[in-house]
């Protein structure tokens with residue numbers, strides 16, 4: 001049915017912005033209405049629920065590390081690695097002396113090595129401060145050579161190494177004592193010198209114990225707090241390790257999220273170190289049995 005002709009457009013407008021006297025199907029009226037009333041805005045996207053917003057905000061806060069936190073994490077890894085690497089050769093020698101040596105003062109050496117396990121960590125840190133401080137008997141000599149431990153990251157590595165050294169020595173010593181001496185004697189009868197026997201026979205057999213002791217020393221160094229904060233203090237960016245940073249966060253209002261972040265990092269690093277130790281020890285044991 002044909003549409004009726006549209007009436008002529010009037011000069012006025014009604015209250016809704018329509019030209020008075022214009023039919024709704026008139027093309028002029030449609031174009032005029034579009035100019036007067038633009039398209040409606042699209043409805044806003046649905047907002048997430050309160051629970052979803054809480055989870056998202058919590059996730060961002062947990063994994064949003066600040067520069068100081070990243071510095072503390074990297075410094076802890078650096079301190080722990082140096083403590084483990086420097087302590088390892090001395091730990092093997094001390095463990096070998098305690099396992100095979102027959103000398104006067106062996107019990108005293110064993111007591112001195114394991115003393116940090118029974119002393120309060122603060123006492124160990126204070127002894128290190130007395131000995132290796134700039135005014136101490138050892139620290140004053142080293143200071144003349146340009147080597148300073150107190151209130152430096154090197155001092156944190158020293159304190160962490162001292163605290164983890166007994167665990168390393170004990171693990172390596174138990175491995176040495178479990179080695180069959182007849183294997184070493186057979187190698188000696190073939191003309192091998194004692195150092196060569198140790199490198200070619202004893203060391204491969206005790207390799208799982210060496211790996212376990214090194215990882216234990218690393219894990220202990222990562223979690224060391226008392227001796228470190230006593231010897232080198234808690235200086236952000238210089239001597240503030242993970243435990244010190246966690247302690248700092250717990251002492252300030254609103255620091256719970258930061259303490260939680262660093263706690264999760266500590267747990268992840270410790271578990272990764274223990275799993276790596278188990279895997280490496282198993283592989284070393286399989287190679288020894290195959291040989």
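In the UniProt record's numbering, the protein residues as written are 1 to 291.
For each residue, glycine too, the CB sits at the ideal point set by N, CA and C.
Tell me whether residue i sits in a helix, a strand or coil according to DSSP, three-state version.
i	result
residue 235	coil
residue 133	coil
residue 153	helix
residue 102	coil
residue 243	helix
residue 254	coil
residue 283	helix
residue 277	helix
residue 223	coil
residue 372	Any property of residue 372 remains undetermined from this structure, which presents the chain solely from 1 to 291.
residue 164	helix
residue 120	coil
residue 57	In this prediction, residue 57 has a pLDDT of 46, which is less than 50 and means its spatial position is unreliable; nothing more can be read from the coordinates.
residue 365	Limits of the chain in this structure are 1 at one end and 291 at the other, which puts residue 365 out of reach.
residue 271	helix
residue 206	coil
Does the beta-carbon of residue i have 16 or more other beta-carbons within 10 angstroms, so that it is buried, or is it exposed?
i	result
residue 134	exposed
residue 182	exposed
residue 236	exposed
residue 216	buried
residue 116	buried
residue 70	exposed
residue 153	buried
residue 195	exposed
In whole angstroms, give me the CA-to-CA distance for residue i and residue j.
i	j	result
residue 264	residue 80	18 angstroms
residue 121	residue 228	8 angstroms
residue 48	residue 267	Residue placement at residue 48 cannot be trusted, given a pLDDT of 49 that sits under 50; what the coordinates show is reported in the next sentence. Each residue's alpha carbon lies about 32 angstroms from the other.
residue 109	residue 242	32 angstroms
residue 269	residue 151	25 angstroms
residue 261	residue 125	27 angstroms
residue 18	residue 257	The pLDDT assigned to residue 18 is 49, lower than 50, so where the model puts this residue is not dependable; a value taken from the coordinates is nonetheless given after this. Cα to Cα, the separation comes out at about 59 angstroms.
residue 175	residue 166	14 angstroms
residue 57	residue 82	Interpretation of residue 57 is limited by its pLDDT of 46, a score under 50 that renders its predicted location unreliable; no figure is taken from the coordinates.
residue 240	residue 226	12 angstroms
residue 221	residue 103	31 angstroms
Kindly indicate which residue of the options has the alpha-carbon position closest to the one of residue i.
i	options	result
residue 68	254, 269, 108 and 248	248
residue 149	279, 274, 262 and 233	233
residue 187	198, 178 and 177	198
residue 274	169, 212 and 114	212
residue 171	238, 210 and 155	210
residue 206	99, 66, 84 and 78	99
residue 112	89, 169, 160 and 88	169
residue 75	180, 157, 214 and 253	157
Below 7 angstroms, is the gap between the Cβ of residue i and the nearest heavy atom of the ligand PLP?
i	result
residue 152	This structure simply doesn't include the ligand PLP, nor any ligand for that matter.
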